[in-house]
Structure formats: C-alpha cells, structure tokens
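Asker: Right, I'll just put the structure down here and ask away after.
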Amino acid sequence: MRGFALVGALVAGAALTGASGSAVAAQEAGTPAAAQVGATAPVNWGACTADQLRGVPADQVKFYSCSRYRVPIDHDNAALGTIDIAMLKRAAKTPDKKVGSLFLNPGGPGGSGFRMPIGAANYFQPQVLDRFDLIGFDPRGVGASNPLKCFTTQEDADDVFAAQVPVPLSRQEISGTLASYRDYGQFCKNNAGALLNHMSTKDVVRDLDKMRAAVGDQKLTFVGFSYGTLIGSTYTSMFPKQSRAIVIDGNVDPALRTSDGVQYDRERARGFEIALDGFLRKCAQVGPKCSFSAGTPREKFDEIRDHLRQQPVKLPDGSSYDINAFTSTVAGVLYSPTSFPPLADDLQALYNVVHPPAAQAQTAQAVELKVLRSGANGRADANPDSPYTGDDSYFAVNCSDKKITIKQEKVPEIAAKWEKESPTFGRYQAFSDVAGCPVWPVKKPDVYRGPWQAKTDTPVLVVGNFYDPATQYLFSKRMADELGNARLLSVDAFGHCILGDSLGVDKVTADYLIDLKVPANGQVFQPNVQPFETA
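Numbering (this note's numbering), first residue to last: 50 to 584.
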C-alpha cells in the first residue's frame with residue numbers, strides 16, 4: 050500500500066523557484082488560450098528544478114513541467130491578498146488522444162500532492178498515464194504552497210509537541226497534553242497570519258476549481274485518497290456541473306465529519322479497532338505464516354497492551370518500550386498489509402518479554418523490534434533558533450472543517466468513555482485529534498457543511514476497503530449514500546486505500562476515467578495480495 054494517504058500530515062515540501070504569476074515559459078502548444086477559460090488566467094508551465102524531479106529518469110524529464118498558480122487568500126475578499134499553489138504536471142504520453150487533465154490529492158490533510166504524478170504508475174493503469182495530463186499540487190498552506198506556519202523556530206515547535214503524550218494516562222500527562230494544545234493554538238494565533246482563517250476544504254475546493262479552469266478543462270477529473278475524498282465530495286457538491294469523473298478512495302463520512310467532529314473521531318477509533326481485530330483474526334487463520342498465531346492472538350495482543358498501560362516493557366538490551374510508541378506504531382502499520390508479517394514478529398517478541406515461555410524464564414533473550422521501534426521517535430537536537438521547517442495544515446484544516454463544540458476540559462471524560470469501546474485506540478484518538486480543536490484560534494471558519502446530494506452527470510466512484518483503519522468501510526457506504534449520484538466499489542482488503550493494489554479496481558477505474566464507463570453498483574473486489582501471502 051502506498052504511503053501517501055496518512056492519518057497525520059505528510060509534507061514533502063518540494064521547493065519551487067521563480068516568482069509566482071510570471072510567465073516562466075511560453076505556453077505549450079495545444080494549451081487553451083486565456084479567452085477559452087474565461088476570466089481565469091491560464092497556468093504558465095515552465096521547467097521544473099532538479100530537486101522537484103529527483104528520481105525521474107533522464108529520458109522522462111521531458112514529460113514534466115512546473116508552475117506556481119496564484120489564488121486569493123479569501124475568495125470573497127480580494128483585499129486580503131494572494132497565495133501561490135505549487136503545481137507539477139506529467140504530460141500525457143499520447144497527446145493526440147488526450148482526454149484532459151487529472152488532478153490528484155494524497156490525503157492528510159496536509160499531504161503534499163506536488164510529486165504524485167511522478168509515482169502515478171504505482172496506482173494507475175498505463176492507459177491513464179497515456180491519456181491524461183496528471184497534475185499534482187500542494188493545497189494551500191501545505192508544503193510549497195505558502196505553508197501555514199505557527200512557529201518561527203524549530204525549538205518552539207519542539208517544546209510544544211514534546212509535551213503532547215499520544216496516550217496520556219496519569220493526571221500529569223493529561224494536563225500537560227491539554228496545556229500543550231493551548232500553547233499550540235496561541236502560537237498559531239500569533240504567527241500564522243491571515244491564511245489561518247481560510248484553510249477549510251471549501252477554500253481548497255475553490256482553489257481547485259480555479260486550477261481546473263486555468264488548465265483549460267471545462268469539467269474536473271479528480272482522484273482523491275483519504276482526506277482527498279472530502280475534497281472530491283465537496284467539489285461535486287459545490288460544482289456538480291463542473292464535475293466530469295471523480296474517484297474517491299478510502300472515504301471519510303462528509304456529513305458526519307462536518308456536522309459532529311467528536312462523533313466522527315469516535316467512529317474513527319472504532320475503525321482502527323475493526324482493522325486490528327481483522328489483522329489478529331487473519332493471523333490466527335494463516336497459522337505458522339504469522340509468527341504471532343500460536344495460542345490466541347487476540348488475547349495475547351490485549352495482554353501486551355494492558356501490560357504497557359501499567360508500565361513500559363524493559364527489553365533485554367536495557368531499553369524500554371511504552372504504550373505511546375506501541376499504540377501510534379500499531380495504528381500506522383495497519384495502513385500497510387505488507388508490514389503485517391514483521392508486525393507479527395514484533396508482537397511475538399514483546400509477548401515473550403511480557404509473558405516469557407518456560408524455556409526463557411531464566412535467560413534474557415535478545416529482542417529486535419523491526420517495525421514497532423519506528424513509532425518511538427526521539428526528539429532531535431537542533432541548533433539554537435533554527436528555522437521551523439514544518440507546516441501546521443493538519444490542525445488548521447481539521448479544526449476548520451470539523452464541528453467541535455465541546456470544551457477542552459471534557460476531553461479526558463470523552464477519552465475514558467471511548468477507551469471502553471475502543472480499548473487500543475479510543476484514548477489515542479481523543480487526544481490526537483479532538484483535544485486541539487476546542488482551543489484552536491479560528492472561531493468562525495468558512496466551511497461547506499452540505500447539502501451533499503447534488504447530482505453529477507456521471508456517478509462519483511466511491512472505493513472502500515473492508516478493513517481500512519483510518520476511514521472505516523462504513524464511511525465509504527455512507528459517502529455513496531450521501532452523494533446524489535455515486536457507485537460504491539468494495540474491496541475485501543486490509544490497509545488504507547487500494548488503487549494500485551487491486552487489479553480489478555484499477556481496470557474499472559481506468560475505464561471510468563477515460564471513457565466514463567460506469568461500473569455496476571455494489572461490486573466486491575479482491576486485492577492483488579492478501580496479508581501473509583506473496584505475489
């Protein structure tokens with residue numbers, strides 16, 4: 050499973066050079082003139098930098114071009130000024146048969162989509178690359194598109210984030226985590242500027258509609274993953290007549306997300322629990338192929354988790370492993386079924402430490418955690434007053450879009466309640482996503498909250514995995530029901546998003562994008578490879 054659709058923001062941040070809005074190169078042959086796109090200024094494509102095209106073979110560089118496209122900070126108030134959207138295009142390989150442009154978004158919110166066209170062969174059939182100009186972009190406030198920054202130095206950011214405990218259990222951890230979110234909100238209020246109030250998905254969608262017109266397309270063709278499904282569904286709801294073909298993979302529930310953010314995150318926690326339970330049942334089914342299969346994997350996992358809630362595990366090398374690293378890393382590994390075998394190895398190794406077999410009771414055994422160590426991120430040392438290199442788009446978007454009306458002091462009570470129904474991820478979800486929004490400094494964001502029933506000329510293609518952790522399958526069913534014209538494609542698969550990992554879905558998607566061939570509703574597809582199997 051590709052790693053672009055994530056719970057948190059992944060920011061690639063490719064640097065762009067040149068003044069935005071300037072004609073860095075003459076427009077390509079075949080690109081519509083400004084008159085053909087009305088009052089919208091056309092995109093001026095020019096050469097990309099070597100860094101922007103890192104990893105692209107020399108004989109393929111000719112297919113790529115880059116631009117910065119200027120949009121208003123506030124589409125309803127030009128006086129606030131403008132920002133620049135970083136765009137990268139991979140030209141259609143058969144331009145004489147080109148259908149149009151295909152815009153891409155990887156999720157997040159906060160994921161950089163700028164370089165997505167470079168890896169597009171990983172999730173699209175070759176004929177899609179032949180027939181479309183693939184366009185990646187960093188949404189406003191993300192990566193190279195005027196990144197929204199709440200901090201001026203990395204040290205300030207480190208001080209704030211270091212106080213946030215993913216699974217706070219003690220009174221001190223809970224109060225410290227809540228206080229850090231208050232500090233975070235204050236830094237954002239002081240430093241982020243006018244853009245902070247214009248980071249909703251509605252703002253992103255209005256940018257996207259301008260970019261659609263600027264590349265000369267009468268209607269939008271779009272593929273969005275994870276949070277990108279909210280972009281796609283918001284676009285079809287706001288601009289149904291400008292929607293040509295929209296594919297959304299790994300779906301949010303747009304109505305719930307924008308009307309009751311607390312309940313939405315509660316159900317997200319349940320989605321992770323469903324995926325975890327599926328992983329443990331799969332482990333038991335495949336037997337020795339899963340090194341954690343002996344005994345009852347569910348009971349063994351719960352024993353590890355409950356032990357870590359009481360105290361960290363002391364490993365034979367003298368290091369320790371705690372509930373925070375464990376929870377965040379297990380959540381991340383559930384995104385990627387290819388990581389299930391090493392996760393099983395690590396779980397068995399931890400179980401042997403927590404519950405040593407008789408043969409190991411007297412002798413400390415070496416333990417090397419392969420994937421579970423990846424979540425134990427230490428704080429890197431930095432030079433004094435080093436510049437802040439991140440962006441803060443994740444909370445800026447989420448705390449705008451999600452309607453969260455609770456007071457922050459209610460979060461510990463909510464976390465305790467969620468923990469009873471989602472014992473591994475309930476507390477984690479409450480403190481990772483809910484706790485920051487009640488103290489976020491934007492009080493009246495301009496958000497699209499429906500209606501969602503607008504009828505597009507062609508049905509929206511809604512794709513959902515049965516065991517998707519971050520956007521549970523029920524969300525995809527709701528998405529298909531909430532939209533005015535949609536087709537649901539279900540996949541009996543693990544992991545977050547599926548395009549590129551299910552040949553059946555990939556072929557249907559290609560026919561849909563190119564020829565607007567609408568698949569039958571309610572089909573169930575299989576992934577190319579099931580967990581613990583090899584291709």
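Glycine included, every Cβ here is placed at the ideal spot set by N, Cα and C.
#1: Rounded to whole angstroms, what's the CA-CA distance from P121 to V253? Just pull it up for me.
#2: Please classify E316 as buried or exposed, where buried requires at least 16 neighbouring CB atoms within 10 angstroms.
#3: Considering only residues of the same chain and omitting the five flanking positions on each side of S286, which have a CB-CB separation below 6 Å?
#4: Run through DSSP, which three-state label would V557 get?
#5: Around the C-beta of S161, are 16 or more other C-beta atoms found within 10 angstroms, so that it is buried, or is it exposed?
#6: Here's the rule I'm using: 16 or more other beta-carbon atoms within 10 Å means buried, otherwise exposed. How should D564 be labelled?
#7: Does the beta-carbon distance from L538 to V511 come in below 8 Å?
#8: Pick out whichever of Y477, G485 and D434 has its Cα sitting closest to the Cα of E458.
#9: For the stretch 140-157 against the stretch 276-290, do three or more pairs of beta-carbon atoms, one drawn from each stretch, fall closer than 8 Å, so that the two count as touching?
#10: How do the stretch 462-474 and the stretch 176-191 stand: do at least 3 beta-carbon pairs fall below 8 Å, yes or no?
#11: Terminal residues of the continuous alpha helix (DSSP H) containing P303?
#12: Does Q478 pass the burial test, meaning 16 or more other C-beta atoms within 10 Å, or should it be called exposed?
#13: Would you check if there are 3 or more beta carbon pairs closer than 8 Å linking the stretch 193-212 to the stretch 437-444?
#14: Taking only the alpha-carbon atoms, compute the straight-line gap between A78 and S340 and give it to the nearest angstrom.
#15: Run through DSSP, which three-state label would Q360 get?
#16: Whole angstroms is fine: what's the gap from V446's alpha carbon to W489's?
#17: Would a C-beta distance cut-off of 8 Å place L245 and V491 closer than the cut-off?
#18: Report the residue ranges of all beta strand (DSSP E) runs contained in full by the stretch 453-535; include only those spanning at least 3 residues, in chain order.
#19: Considering only the beta carbon of each residue, do L137 and P166 sit closer than 8 Å?
#20: Taking the C-alpha atoms as reference points, what is the distance between E582 and G234?
#21: At what residues does the beta strand (DSSP E) containing M136 begin and finish?
#22: Taking buried to mean at least 16 other C-beta atoms within 10 Å of its own C-beta, is G544 buried or exposed?
#23: State yes or no: is the C-beta of S229 within less than 8 Å of the C-beta of Q213?
#24: On a CA-only basis, which of K251, R103, G299 and K111 is nearest R527? Give me that one, please.
#25: For F328 and F389, which I take to be in contact (beta-carbon distance under 8 Å), what is that distance rounded to the nearest angstrom?
#26: Look at the alpha carbon of S282 and the alpha carbon of N401, and state the distance between them as a whole number of angstroms.
#27: Spatial neighbours of S308 within its chain, please: C-beta separation below 8 Å, excluding the five flanking residues on both sides.
#28: Kindly provide the ranges of any beta strand (DSSP E) runs that are 3 or more residues long and lie completely inside the stretch 146-208, ordered along the chain.
#29: Quick check on this structure: which residue in T454, T558 and A393 has the alpha carbon closest to the alpha carbon of P337?
#30: Look at the alpha carbon of G571 and the alpha carbon of N240, and state the distance between them as a whole number of angstroms.
#31: Which residues in the same chain have their Cβ closer than 7 Å to the Cβ of N373, if we skip the five residues on either side of it in sequence?
#32: For P580, which of helix, strand or coil comes out of DSSP?
#33: Can you tell me where the alpha helix (DSSP H) holding R255 begins and where it ends?
#34: At which residues does the beta strand (DSSP E) containing Q575 begin and terminate?
#35: Are there three or more Cβ pairs, one per stretch, closer than 8 Å when the stretch 554-568 is compared with the stretch 516-527?
#36: Tell me the DSSP secondary structure of A99 in three-state form.
Answerer: With the given structure in hand:
#1: Those two C-alpha atoms are separated by around 11 Å.
#2: Counting the other Cβ atoms within 10 Å of the Cβ of E316 gives 16 or more, which makes it buried.
#3: Closer than 6 Å at the Cβ level, and outside the excluded window around S286, lie W501 and A503.
#4: V557 falls in the helix class under three-state DSSP.
#5: Classification of S161: buried, given that the 10 Å Cβ count is 16 or more.
#6: With fewer than 16 Cβ atoms within 10 Å of its Cβ, D564 is classed as exposed.
#7: Yes.
#8: Here the closest residue by C-alpha is G485.
#9: As far as the Cβ criterion goes, the stretch 140-157 touches the stretch 276-290, which means the pair count is three or higher.
#10: No, the stretch 462-474 is not in contact with the stretch 176-191.
#11: For P303, the enclosing alpha helix (DSSP H) begins and ends at P303 to S308.
#12: Burial state of Q478 is buried, judged by a 10 Å Cβ sphere holding 16 or more other Cβ atoms.
#13: Judged by Cβ distances under 8 Å, the stretch 193-212 makes contact with the stretch 437-444, as three or more pairs qualify.
#14: Note that A78 has pLDDT 30, beneath the 50 cutoff, so the model's placement of it is unreliable and no number is given.
#15: Annotated three-state conformation of Q360 is coil, per DSSP.
#16: Their backbone Cα atoms lie some 11 Å apart in a straight line.
#17: In this structure, L245 sits near V491, with a CB-CB distance shorter than 8 Å.
#18: Listed in chain order, they are 509-516.
#19: Yes.
#20: When rounded, the distance between both Cα atoms is 46 Å.
#21: For M136, the enclosing beta strand (DSSP E) has its first and last residue at T131 to R139.
#22: The residue in question, G544, is buried, as its Cβ has 16 or more Cβ neighbours within 10 Å.
#23: At a Cβ-Cβ threshold of 8 Å, S229 and Q213 count as neighbours.
#24: Per the Cα distances, G299.
#25: Contact holds; Cβ gap of about 6 Å.
#26: Our two residues, S282 and N401, have alpha carbons roughly 47 Å apart in a direct line.
#27: Excluding positions up to five away in sequence, the list reads K452, R498 and G499.
#28: If only uninterrupted beta strand (DSSP E) runs of at least 3 residues are considered, those enclosed by the stretch 146-208 are 149-154 and 181-186.
#29: Answer by Cα proximity: A393.
#30: In this structure, the straight-line span from the alpha carbon of G571 to that of N240 is close to 48 Å.
#31: Hits under 7 Å: V214, P215 and V216.
#32: Three-state DSSP puts P580 in coil, outside helix and strand.
#33: First-last of the alpha helix (DSSP H) with R255: T250 to A263.
#34: DSSP places Q575 outside any beta strand (DSSP E), giving it a letter other than H or E.
#35: Flag = no, the stretch 554-568 and the stretch 516-527 do not touch.
#36: A99: coil per DSSP, three-state reduction.
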